Amino acid sequence: MADAPQIPDEAEVRARWGGFAWTPENAEQAKKVIARYPEGRQQSAVMPLLDLAQRQVGAETNTQGWLPIPVIEYVAAQLEMPFMRAYEVATFYTMYNLAPVGRFHVQVCGTTPCMLRGSDDVLAACKAKGLHKGGTTADGLFTLTEVECLGACANAPMVQINDDNYEDLTFDSMTAILDDLAAGKQPKIGPQIDRQTSAPEGGPTATKAMVTENHDYRGEW
């Protein structure tokens, strides 16, 4: 279950973000996004614009980014839609952060497939490194959230950290990922075992002959 965001004081938020505006680069990107939709349907751009805004906030704060209320208001005004409609979108999807997060937002899937495959061990590895659900570490580096299905059930257990998935995790591999991120290194993205994407572990099994035949056929060209 997703943890309730700890939204800062409204006066503080408005003082910091009340003057939010696109950077020149993001203003151009926003125009391109809006132009994808037919006249009169510009409000359909709300999701990509909220994502763009969150990334701009993240760039300004050196974090994964979040959506202060004034920023959501800014996006809603540009799209000429009621603020509440934009807010409904931001509160529905866990891809949008409604409170500040750390440099790395560690989202652990706790849905049944991941739970059965060891998500408790993943959470234990996070806890051993000082991460606590719904909180940000004192150094501002990590925020830990437990979320619902992230769509990589065949590679359970898994986490999403910012834009990247880390899959087929154990206590040790999750620990190594956190250590690498803390040290400024980029961990291996995707499966942490010997598998390609969601293919069987160890490579092809029943289709080995077909793979070989296709390879030989291509070689004759």
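Residue numbering for the sequence shown follows the numbering used here, starting at 862 and increasing by one per position. Just so it is clear, CB atoms sit at the ideal spot from N, CA and C, and this is done for glycine as well. Being a predicted model, the structure only gives us computed values, none of them experimental.
What separation, rounded to the nearest whole angstrom, lies between the Cα atoms of M942 and V950? Mapped onto the sequence shown, residue 942 falls at position 81. Mapped onto the sequence shown, residue 950 falls at position 89. So the alpha carbons of these two residues sit roughly 12 Å apart.
*asked:* In the DSSP assignment, the alpha helix (DSSP H) including E934 goes from what residue to what residue?
replied: Numbered from 1 along the sequence shown, position 73 holds the residue referred to as residue 934. 930 to 939 is the extent of the alpha helix (DSSP H) around E934.
Through-space distance from Q904 to A937, alpha-carbon basis
One-based indexing of the sequence shown puts residue 937 at position 76. One-based indexing of the sequence shown puts residue 904 at position 43. Distance between the alpha carbons of A937 and Q904: 8 Å.
Next item on the list: Output the boundary residues of the alpha helix (DSSP H) element that contains Q915.
Entry: Within the sequence shown, numbered from 1, the residue matching residue 915 stands at position 54. It spans 907 to 922 - the alpha helix (DSSP H) in which Q915 sits, taken as one unbroken run.
- [ ] For R875, name the three-state secondary structure that DSSP assigns.
- [x] Here residue 875 refers to the residue found at position 14 when the sequence shown is read from its first residue. Residue state, collapsed to three classes: helix.
>> What would DSSP say about C854, mapped onto helix, strand or coil?
In response: Since the first residue shown for the chain is 862 and the last is 1082, residue 854 is missing from the structure and cannot be characterised.
Q: For my contact list, L910 and A891 are in at a C-beta cut-off of 8 Å; report their separation, rounded to the angstrom.
A: In the sequence shown, the residue the question calls residue 910 occupies position 49. In the sequence shown, the residue the question calls residue 891 occupies position 30. Confirmed, Cβ separation roughly 6 Å.
Buried or exposed by the 16-neighbour rule on C-beta atoms within 10 Å, applied to F1003: Within the sequence shown, the letter at position 142 stands for residue 1003. When all chains shown are included, F1003 counts as buried.
* May I have the straight-line CA-CA distance separating G919 from A1067, to the nearest angstrom? => Reading the sequence shown from its first residue, position 58 is the one you call residue 919. Reading the sequence shown from its first residue, position 206 is the one you call residue 1067. So the two alpha carbons sit approximately 46 Å from each other.
query = Does the distance from the C-beta atom of A1017 to that of P974 stay below 7 Å?
reply = Residue 1017 sits at position 156 when you count from the first residue of the sequence shown. Residue 974 sits at position 113 when you count from the first residue of the sequence shown. Yes.
- prompt: If you check the beta carbons only, do K994 and L1005 fall under 7 Å apart?
  reply: If you number the sequence shown from 1, residue 994 lands on position 133. If you number the sequence shown from 1, residue 1005 lands on position 144. Yes; because the gap between Cβ atoms is below 7 Å, this pair is in contact.
Residue range of the beta strand (DSSP E) that E1028 falls in? To locate residue 1028, count along the sequence shown from 1; it is residue 167. From DSSP, the beta strand (DSSP E) with E1028 extends over 1025 to 1028.
DSSP three-state call for C1010: helix, strand or coil? Position 149 of the sequence shown holds residue 1010. Reduced to three states, the DSSP call for C1010 is coil.
Q.
By alpha-carbon positions, which one of K988, D1000, L1030 ends up nearest to G1051?
A. One-based indexing of the sequence shown puts residue 1051 at position 190. It is L1030 whose Cα lies nearest to the Cα of G1051.
Tell me whether T924 is buried or exposed, calling it buried when 16 or more other Cβ atoms sit within 10 Å of its Cβ. By 1-based counting over the sequence shown, the position of residue 924 is 63. Counting Cβ neighbours within 10 Å, T924 comes out buried, since at least 16 surround it.
Relative to the alpha-carbon of Q939, which residue among G1045, E1007, A888, K1046 has its alpha-carbon at the smallest distance?
One-based indexing of the sequence shown puts residue 939 at position 78. Among G1045, E1007, A888, K1046, the Cα nearest to that of Q939 is on A888.
Can you tell me the Cα-Cα spacing of P1061 and D1025, whole angstroms? On the sequence shown, position 200 is the one that residue 1061 refers to. On the sequence shown, position 164 is the one that residue 1025 refers to. Whole-angstrom Cα-Cα distance: 21 Å.
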